[in-house]
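Residue numbers (the working numbering): 69 to 289. All remarks here apply to the structure that follows.
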């Protein structure tokens, strides 16, 4: 009966985030549900800010603190330290997760195709991105307007990103804890969406750990 009561409360309540944080069994079930939409995401070197170092397999990125002399093609971020995924999505649902272990700063989310590649970017949906970030080692922020300071029970080592085009939803999960971190709701997606990453500045080695896009293994949490 306990399980059916939890599900009934979920169906009746609009406070989805509160419920998912309250019932452990629902948290695990919710994460498994979104993970079935996992996609194989790789990084697009043509979009990478010139100081970023990408692995040969396109799954890892870190900042070198040194800008390489690269062609300033239209796709490339030349002002902000970002890189996009190669894969774009314009309908349905998709999910990917990223290891953030050992980092003091990072940004993760999705961005529309027309995001500004040549100037400053504010982390807000109006600027074409739906993202969360870590700053100063312990400040977790959702890039909404106004920004939302997030209170997390533990520091995530792997973050899952889920998008549902039809629902206008972008959700972020602490994978190990099966905990929902934050959701953007009521989103309007009018362009292709791309996975959106920043390992942030190397900071003299303090933030040298890479972001690692995790392989999707059936049944893996």
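Glycine included, each C-beta is placed from N, C-alpha and C at the ideal position.
Contact belief for residue i with residue j at Cβ below 8 Å, rounded distance in angstroms
i: residue 199; j: residue 187; result: Not confirmed; about 17 Å, so no contact.
i: residue 154; j: residue 111; result: 7 Å
i: residue 168; j: residue 99; result: Between residue 99 and residue 168 the Cβ distance is about 16 Å, and since that is not below 8 Å, they are no contact.
i: residue 191; j: residue 197; result: 6 Å
i: residue 261; j: residue 157; result: 5 Å
i: residue 233; j: residue 160; result: 6 Å
i: residue 115; j: residue 145; result: 6 Å
i: residue 129; j: residue 121; result: 7 Å
Residues sharing a beta bridge with residue i, DSSP
i: residue 125; result: Answer by DSSP bridge pairing: none, since residue 125 is not bridged.
i: residue 218; result: 208
i: residue 249; result: Answer by DSSP bridge pairing: none, since residue 249 is not bridged.
i: residue 202; result: 174 and 208
i: residue 228; result: 165 and 241
i: residue 152; result: 264
i: residue 280; result: 128 and 167
i: residue 116; result: DSSP lists no partner for residue 116.
i: residue 197; result: 179
i: residue 99; result: DSSP lists no partner for residue 99.
i: residue 111; result: 153
Proximity to residue i [Cα-Cα], best of the options
i: residue 143; options: 182, 238 and 243; result: 182
i: residue 194; options: 266, 202 and 178; result: 178
i: residue 22; options: 256, 239, 268 and 247; result: Any answer about residue 22 is impossible in this case: the structure gives the chain only from 69 up to 289.
i: residue 205; options: 180, 108, 222 and 216; result: 222
i: residue 148; options: 129, 121, 266 and 273; result: 266
i: residue 173; options: 160, 138 and 203; result: 203
i: residue 97; options: 282, 246 and 214; result: 246
i: residue 263; options: 152, 107 and 117; result: 152
i: residue 139; options: 164, 113 and 257; result: 113
i: residue 102; options: 164, 269, 201 and 209; result: 164
i: residue 118; options: 258, 269, 107 and 283; result: 269
i: residue 243; options: 284, 121 and 129; result: 284
i: residue 235; options: 217, 213, 256 and 218; result: 256
i: residue 258; options: 180, 120, 209 and 272; result: 180
i: residue 275; options: 95, 213, 175 and 217; result: 175
i: residue 207; options: 218, 137 and 124; result: 218
i: residue 150; options: 201, 124 and 107; result: 201
i: residue 95; options: 281, 241, 282 and 277; result: 241
i: residue 107; options: 141, 124 and 231; result: 231
Cβ of residue i within 7 Å of any chain B Cβ
i: residue 149; result: Judged by its chain identifiers, the structure shown contains no chain B, having just a single protein chain.
Task: Three-pair Cβ contact test at 8 Å for the region 216-236 versus the region 158-173 - done: Enough Cβ pairs lie closer than 8 Å, so yes.
TODO: Give a yes or no on contact between the region 132-147 and the region 249-263, applying the rule of three or more CB pairs nearer than 8 Å.
DONE: Segments in contact, no.
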